[in-house]
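Protein chains in written order, with our numbering: chain A, 1 to 321; chain B, 1 to 321.
One structure is given here, and the rest of the page talks about it.
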Ligand SMILES: [Zn+2]
Ligand SMILES: [Zn+2]
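Rendered as structure tokens:
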């Protein structure tokens, strides 16, 4: 799982930061899932080296233009390039109507490969490897955060070791593979976990924007490996944050802290903190780190890999009783 | 009058060419008139150093997305930047509906400063200095070319010389300033033209895209100082040009020749001629130059100044009879 930031400015593009978009690359299935798609996202994809032909799903947080105005161009270019992959787009009420209106007046025909889903808080999608859910946040217009959860993989069963222990063939193996404790006919108790490699814990990626501090974000971000949270404003501009229903650095850090995430990456910065201004992005970083040390600031084309992880020692182990 | 190309690729952006947009800067009034506005035009404006706060009019040729998908972002950014200048947008049927639909679903409010005009062939706008007309071209969907005409300015009247000739004060001066021949009471005939500097001929700028070769383009481009004409395809790809109703290089050159323009600048090139392909842009240039030598190829950020010009010697002079 690899995250690439394609736009990290709020509202308007600046010379160095485009408006919102984040690509989540899933190398194991050669797919990209895109989160938001501000104007110029297809240009940023081109510069990043990511292949837009790999885009399989697009999740839209809310309908403000700095998160959506790149959708039509991207869809058109995916079609023109002849790649013709199916694309599922998820977003709030109005997204479907917007896309169909824009297509109509632009003489575009989506065909059948584009599916548009209107989201509500809850589970959106699930397959063998992943599930995605969303949660309503708190913005001037309906905005949803998204949570991608990779399912846990059980550790590899050591068949040789089982055979060496003289465990007779049969349904016992199934139980052992599940990590259960079984009693053999000769009275020996065998713990399946001793025969399995360490399970691999699925990764959790959470994307929260645009929102002022809210419980929904904390809930959505529980135990995430990476939480991307907007931090439009510095702490001292909290008035503006409340007025415009955006977050300050300290709100983002508090969400990370309360949700017990491993890494916070802040994004969606107001252009008012660009170099040359009294408060700058490094100040924003320090403010957040004072509350949540594992904080990074996103910048355009920053790529962050979420490593696979094994079960932790202190994690409660499931044992059959 | 200064032209800056902001996008010169057809259909999709490439790494070096964005989709269509051309800025016409009118330094005498600190205004920019924009022709087409593909996705990323506001980014290109930012890079070009042109001030989007100076944009006063936007002319849209047709509703294909590579000419329009940058409109909403640009309008939003002009508003957010607080510049709040009034903007008049001209374009075909459907433009108004498109913009209002996009605004509605994006929770945007244009307010009163945005005026959207639906164009039909003929005069669109006129003031003391300029007039703008448009003409239907020949594309898969309704597309209009635009012609900007600067009005002629009469030469400066030499008052000192008139007084030295002993011309008595009175309405005679008004006639002389118009370049008329007047007879003084003492019988002398004075030609007003001899007392006026050379008139300045207004400049003519014509923008034709998207279109296959058509008489409308020839008519619109009559005597233009600069004709910008699309040349999506090389001559050998004329089949595709006819099928998609785009122009080849030779069509663009023929329009320039038949219209008697001074300078042809070709744009809207298919990405198929990018470096590394069998036919390249230099080939397209040679094809056009064989027919119309005063041909240039546009590239992103290319700036072309249209100089003021004085009346030509062989031009018919208006003399009062
Ligand atoms: Zn927003
Ligand atoms: Zn077109």
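Cβ atoms here follow ideal geometry from the backbone N, Cα and C, with glycine treated the same way.
Quick caveat: nothing in here was measured; it's all calculated off a predicted structure.
query	result
Outcome for residue 183/B when other beta-carbon atoms lying within 10 angstroms are tallied against a minimum of 16	exposed
Residue 141/A: contacting residues in chain B (beta-carbon distance under 8 Å)	107
Cutoff 8 Å: residue 307/A Cβ touching any chain B Cβ	no
Close Cβ partners of residue 126/A (< 8 Å) along its chain, the five nearest in sequence each way excluded	132
Beta-carbon contacts of residue 310/B that lie in its chain and below 8 Å, excluding the five residues immediately before and after	198, 199, 200 and 201
Selection from 12/B, 14/B, 264/B and 230/B that minimises the alpha carbon distance to residue 139/B	230/B
Residue-level contact to chain A via CB, residue 68/B, 8 Å cutoff	yes
Neighbour flag for residue 98/B against chain A, beta carbons, 8 Å	yes
Contacts that residue 64/A makes with chain B (C-beta to C-beta distance below 7 Å)	106 and 107
Buried/exposed call for residue 18/A, threshold 16 Cβ in 10 Å	buried
Straight-line Cα distance separating residue 301/B from residue 21/A	26 Å
Length at least 4, wholly inside the segment 151 to 199 of chain A: the alpha helix (DSSP H) runs in chain order	159 to 164 and 172 to 177
Below-8 Å beta-carbon distance, residue 90/A vs any chain B residue	no
Cutoff 8 Å: residue 10/A Cβ touching any chain B Cβ	no
Selection from 227/B, 157/B and 76/B that minimises the alpha carbon distance to residue 87/B	76/B
Residues proximal to ligand 4 by C-beta, any heavy atom closer than 6 Å	No copy of ligand 4 occurs in the structure displayed; its ligands are ligand 1 and ligand 2 alone.
8 Å Cβ cutoff, residue 72/B in contact with chain A	yes
Proximity winner among 179/A, 148/A, 190/A and 51/A, relative to residue 168/A (alpha-carbon distances)	190/A
Chain A contact for residue 6/B (CB, 8 Å cutoff)	no
CB contact check: residue 150/B to chain A, cutoff 8 Å	no
Stretch pair the segment 153 to 171 of chain B + the segment 35 to 42 of chain B: three plus CB contacts closer than 8 Å	no
Integer Cβ distance of residue 295/B from residue 253/B, believed to fall under 8 Å	6 Å
Helix, strand or coil at residue 292/A [DSSP, three-state]	coil
Alpha-carbon spacing of residue 227/B relative to residue 40/B, whole angstroms	24 Å
For residue 23/B, the residue or residues it bridges with in DSSP	4/B and 34/B
Whole-angstrom distance between residue 152/A and residue 176/A, CA atom to CA atom	17 Å
Test: residue 274/B CB closer than 8 Å to a CB of chain A	no
Through-space distance from residue 203/A to residue 178/A, alpha-carbon basis	21 Å
8 Å Cβ cutoff met for residue 205/A and residue 224/A	yes
Supposed contact pair residue 213/A and residue 8/A - C-beta distance, whole angstroms, cut 8 Å	Between residue 213/A and residue 8/A the Cβ distance is about 20 Å, and since that is not below 8 Å, they are no contact.
Range of the contiguous alpha helix (DSSP H) that encloses residue 202/B	Careful: residue 202/B lies outside any alpha helix (DSSP H) and carries neither H nor E.
Alpha helix (DSSP H) segment containing residue 218/A, residue limits	215 to 221
Minimum C-alpha distance to residue 150/A - residue among 111/A, 287/A and 28/A	28/A
One or two residues paired with residue 266/A in a DSSP bridge	229/A and 297/A
Per-residue burial, residue 286/A [other beta carbons within 10 Å of its own, 16 or more giving buried]	exposed
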